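Some notes on the structure that comes next.
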């Protein structure tokens, strides 16, 4: 039996998944521009992408907050043990579940693809930066200093794409 609360919850989940889809599309486009700029070795474009990266990060943080609110509202329901959106959808009436399950599966695939794109773009940009740094060192000091990206011990964010799909 569908109540007003479950209908509202289903609408919120639909809205969240729509926002997630739009953000993923923008994120994918941003990564494509980033990759293209790295391949062309265009530092001006790479620097100009910083502001749009900040905007994307704000959108992602907003989505994380929206998801937390949906889970909080879902945990106050009759079963009250929703730890993820998938679990929450399972607790909804059957007539609401099928469409939401398909959208969640699509979002999960989309986020996994973005995670791979994010990592590949990060590696490409890092290797490009390393190449330019090495060329600068050769030109100015007559020697090359390289640190392989895979053995680099600096503390850097390597978890791109994992922010949203943890509790999907």
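Residue numbers (my numbering): -5 to 162.
Backbone N, C-alpha and C define an ideal beta-carbon position, used for all residues, glycine too.
Small disclaimer: the values here were computed from a predicted structure and weren't measured.
Asked                                                                                                                                   : Found
Let me know if residue 132 comes out buried or exposed under the rule of 16 or more other beta-carbons within 10 Å of its beta-carbon.  : exposed
Counting C-beta neighbours from all protein chains within 10 Å, is the total for residue 104 16 or more, i.e. buried, or is it exposed? : buried
Confirm, please, whether the CB-CB distance from residue 27 to residue 83 is below 8 Å.                                                 : no
Over the uninterrupted alpha helix (DSSP H) stretch that includes residue 66, give me the two end residues.                             : 37 to 69
Kindly indicate which three-state DSSP category residue 0 falls into: helix, strand or coil?                                            : helix
Check whether the Cβ atoms of residue 4 and residue 24 lie closer than 8 Å to each other.                                               : no
Thinking just about the alpha-carbon of each residue, which of 11, 69, 120 is nearest to the one in residue 57?                         : 11
Between the C-alpha atoms of residue 2 and residue 68, what's the straight-line distance to the nearest angstrom?                       : 10 Å
Within 10 angstroms of its Cβ, does residue 112 collect 16 or more other Cβ (buried), or is it exposed?                                 : buried
Going straight from the alpha carbon of residue 137 to that of residue 45, what length do you get?                                      : 34 Å
Taking only three categories from DSSP, how would you classify residue 136?                                                             : coil
How is the alpha helix (DSSP H) around residue 82 delimited, first residue to last?                                                     : 79 to 84
Can you tell me the Cα-Cα spacing of residue 38 and residue 32, whole angstroms?                                                        : 10 Å
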